[in-house]
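One structure below.
There are 2 protein chains.
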Amino acid sequence: MTRDGRTGGAPRTRIQQRNRRAILDAALDCFSAHGFRGATLDQIARAAGLSKPNLLYYFPSKDAMHAELLSSLLTTWLDPLRAIDPAGDPVEQILAYVHRKLEMSRDYPRESRLFANEILQGAPRFGDRIGGELKTLVDEKCAVIAQWQAEGRIAPLDPHHLIFSIWATTQHYADFEVQVDEILAQGRAAQFDAAAVFLDTIYRRTLRP
Amino acid sequence: MTRDGRTGGAPRTRIQQRNRRAILDAALDCFSAHGFRGATLDQIARAAGLSKPNLLYYFPSKDAMHAELLSSLLTTWLDPLRAIDPAGDPVEQILAYVHRKLEMSRDYPRESRLFANEILQGAPRFGDRIGGELKTLVDEKCAVIAQWQAEGRIAPLDPHHLIFSIWATTQHYADFEVQVDEILAQGRAAQFDAAAVFLDTIYRRTLRP
DNA sequence: CGTGATCCTGACCGCACGGTCAAACATTTT
DNA sequence: AAAATGTTTGACCGTGCGGTCAGGATCACG
Numbered sequence: 001m002t003r004d005g006r007t008g009g010a011p012r013t014r015i016q017q018r019n020r021r022a023i024l025d026a027a028l029d030c031f032s033a034h035g036f037r038g039a040t041l042d043q044i045a046r047a048a049g050l051s052k053p054n055l056l057y058y059f060p061s062k063d064a065m066h067a068e069l070l071s072s073l074l075t076t077w078l079d080p081l082r083a084i085d086p087a088g089d090p091v092e093q094i095l096a097y098v099h100r101k102l103e104m105s106r107d108y109p110r111e112s113r114l115f116a117n118e119i120l121q122g123a124p125r126f127g128d129r130i131g132g133e134l135k136t137l138v139d140e141k142c143a144v145i146a147q148w149q150a151e152g153r154i155a156p157l158d159p160h161h162l163i164f165s166i167w168a169t170t171q172h173y174a175d176f177e178v179q180v181d182e183i184l185a186q187g188r189a190a191q192f193d194a195a196a197v198f199l200d201t202i203y204r205r206t207l208r209p
Numbered sequence: 001m002t003r004d005g006r007t008g009g010a011p012r013t014r015i016q017q018r019n020r021r022a023i024l025d026a027a028l029d030c031f032s033a034h035g036f037r038g039a040t041l042d043q044i045a046r047a048a049g050l051s052k053p054n055l056l057y058y059f060p061s062k063d064a065m066h067a068e069l070l071s072s073l074l075t076t077w078l079d080p081l082r083a084i085d086p087a088g089d090p091v092e093q094i095l096a097y098v099h100r101k102l103e104m105s106r107d108y109p110r111e112s113r114l115f116a117n118e119i120l121q122g123a124p125r126f127g128d129r130i131g132g133e134l135k136t137l138v139d140e141k142c143a144v145i146a147q148w149q150a151e152g153r154i155a156p157l158d159p160h161h162l163i164f165s166i167w168a169t170t171q172h173y174a175d176f177e178v179q180v181d182e183i184l185a186q187g188r189a190a191q192f193d194a195a196a197v198f199l200d201t202i203y204r205r206t207l208r209p
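In order, the protein sequence lines correspond to chains A and B.
The first sequence runs contiguously to residue 209 in the numbering used here.
The second sequence runs contiguously to residue 209 in the numbering used here.
Structure, rendered in C-alpha cells:
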C-alpha cells in the first residue's frame, strides 16, 4: 500500500498517473450523467477499464473521487470570471467572459453537468466552497462592474443578476444539452456558433450605456 | 386491491385523494432534492407520513410516482409559453412570458428542479415527450416570433435561442437556488423582485426593434 | 350490528451497492 | 535470483434498497 490520502499528492509512478487519470475521467462521465448516487463503482470501474477493488486501491472511497473532481473543477471553473480585467474595455471584457463561458460549455459539458448536479441538489458535498472563494470572487467582480456603471461606461444593471444571467445562458447549452439537441435539429458546432452570435447580440444591446 | 394503474383515473374516495396527494407532494420533495435514484421510498414515506408498503398500495412502483409527477408537470410547465398571443403586442407578450416563467421559479421551485434533474441526466424517463409536444409547441411559437421580426416589430434574433435564454435565466433562480442564496445576502422575495427588474430591462433592450 | 370492501402494516425477500481482504501477480531494487 | 515494493483481483460482507405478502384494522353501508 502506497496510496496516501492527500488530494494533491503527486502520484509517484507512471502507472499511478495513468490509472488515476482514467478513474477520474470515468468518474466524471458517470457522476455528470447520473449524479452522485446514481453513479455506481462498478459502472465507473467498467468505464475506466479496471476492477472495482482496483478503484479503491487508488481512491479511499466513492466520495473521495467525487470530492477530488469537484475540488479540481472549481478553480478552472472560475478562471474565466477571474480573467475580467478592470483596466480593459467594459463591454468587451464582459462579452469576452460570455464567450469564454460558452466555450467551456461546449468543450467541458461534463464538468458543467457535474457542477449543476451538485448545486441542484443543494450542494451537500460542496458546502462552504460556495460561500467562500466563489462569493468572494463574484463580489469582487461585481464591484468592478458597478464602478464601470458609475463611470457611465456601461448601462446600469444589477451586477449580480448580470452574472447570474451569463452563467444561466451559457451553461444552459451544456446542462440541458438533450433538450437543446431535441429542439434544434442541427449539429453541436452550429448550435454553439448560433448561440455565440445570439449572446453577443443581446449582451451588447444590454450593456450599451 | 382497488388501485388501477391508470394515471388519470379519478380517485374514488376522499382518503385516496388525500393520500395520493400527500405521497406525490412528498415524492416531489424528495425527487427534486435528491434526483430519482437519490430519493428512497422510506424517505418519501416518512415525508408523507405513511408506511412504505402503504405507498405501494397507492402507486405500483417508485417509477410510477416519478412518471406521474413528470407527466402532470409538463403541461403546466408549458402553459406560460402556450399563452403567448400572436395577436398581442410582441414585446409585451414576450416580457409577460418572462415574468410568468420567473413567477413559476419563485412559486414552484421543486417542479423546476425535478425537471432540471431529469433533463440534466439525459431525460431517461422522459424521452419522446420532449421531441413531441415540447418541440412542436416551441417551433410554433418560434414561428410567431419570426413573423413579428419579419414585420419589424421586434429586433431580429434567433427565436429558438431567445427562448432558451428565457428558460435559462428564469429557471436559474429555482434550479441554482442555493448558489443564488449564498451570493445574494437577502430574502427570496427581494431576490425575485430584483430579478424581475433585471430581466425586464435586458429583454426590453434586447427586443426593441 | 354485521359484512364486505377498502386501507394499512410488520415481517420478509432478493438484489445491488460500497467497501474489505487475503492472496496472487508484476515490477523494481539489492 | 531473491527480496521488497507496488499493483490487481476473486471472493466475500453488511447494509439499504425496491418491492411482496398475509393478515389485521378500519370504514361504508344495508
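For each residue, glycine too, the CB sits at the ideal point set by N, CA and C.
Within-8 Å CB hit, residue i to chain A
| i | result |
| --- | --- |
| R106 (chain B) | no |
| H66 (chain B) | no |
| R6 (chain B) | The predicted model places R6 (chain B) with a pLDDT of 36, which falls under 50 and marks its position as unreliable, so this point remains unresolved. |
| H172 (chain B) | yes |
| D63 (chain B) | no |
| I202 (chain B) | yes |
| G122 (chain B) | yes |
| R21 (chain B) | no |
| A116 (chain B) | yes |
| A168 (chain B) | yes |
| T76 (chain B) | no |
| T206 (chain B) | yes |
| K135 (chain B) | yes |
Cβ-based burial, residue i [other Cβ within 10 Å; buried from 16]
| i | result |
| --- | --- |
| E111 (chain B) | buried |
| T206 (chain A) | buried |
| R113 (chain A) | buried |
| G35 (chain A) | buried |
| A168 (chain A) | buried |
| P53 (chain B) | exposed |
| Q17 (chain A) | exposed |
| A116 (chain A) | buried |
| A189 (chain B) | exposed |
| Q186 (chain B) | exposed |
| I15 (chain B) | exposed |
| A150 (chain B) | exposed |
Under 8 Å between C-beta atoms of residue i and residue j
| i | j | result |
| --- | --- | --- |
| I23 (chain A) | L41 (chain A) | no |
| I44 (chain B) | A27 (chain B) | yes |
| G122 (chain B) | Q121 (chain A) | no |
| T170 (chain B) | K62 (chain B) | no |
| S71 (chain B) | A174 (chain B) | no |
| E118 (chain B) | R125 (chain B) | yes |
| Y97 (chain B) | I166 (chain B) | yes |
| L95 (chain A) | D200 (chain A) | yes |
| H172 (chain B) | F59 (chain A) | no |
| L74 (chain A) | F31 (chain A) | no |
| P80 (chain A) | I154 (chain A) | no |
| P209 (chain B) | G132 (chain B) | no |
Contact with chain B by residue i, beta-carbon distance below 8 Å
| i | result |
| --- | --- |
| V138 (chain A) | yes |
| F119 (chain A) | Strictly speaking, residue 119 (chain A) in this sequence is Ile, with Phe absent from that position. Closer than 8 Å to some Cβ of chain B, the Cβ of I119 (chain A) qualifies, so yes. |
| R125 (chain A) | no |
| S165 (chain A) | yes |
| R113 (chain A) | yes |
| G131 (chain A) | yes |
| K141 (chain A) | no |
message: Any contact between the segment 172-180 of chain A and the segment 156-170 of chain B? By contact I mean 3 or more CB pairs, one from each, below 8 Å.
response: yes
- prompt: Taking Cβ-Cβ distances below 8 Å as the criterion, which residues of the segment 176-199 of chain B are in contact with chain A?
  reply: F176, V178, Q179, V180, E182, I183, L184, A194, A195, V197, F198, L199
query: Relative to chain A, which residues along the segment 32-45 of chain B have a C-beta separation below 8 Å, given in chain order?
result: A33, H34, G35, F36, R37, G38
query: Any contact of the segment 188-200 of chain A with the segment 149-158 of chain B, i.e. 3+ C-beta pairs under 8 Å?
result: yes
query: How about the segment 138-153 of chain A and the segment 83-94 of chain A: do they share at least three Cβ pairs that are nearer than 8 Å?
result: yes
Under 7 Å (Cβ pairs) to chain A, residues found in the segment 149-160 of chain B: L157, D158, H160
task: Pull out every residue of the segment 78-90 of chain A whose Cβ sits closer than 7 Å to any Cβ of chain B, in chain order.
output: none
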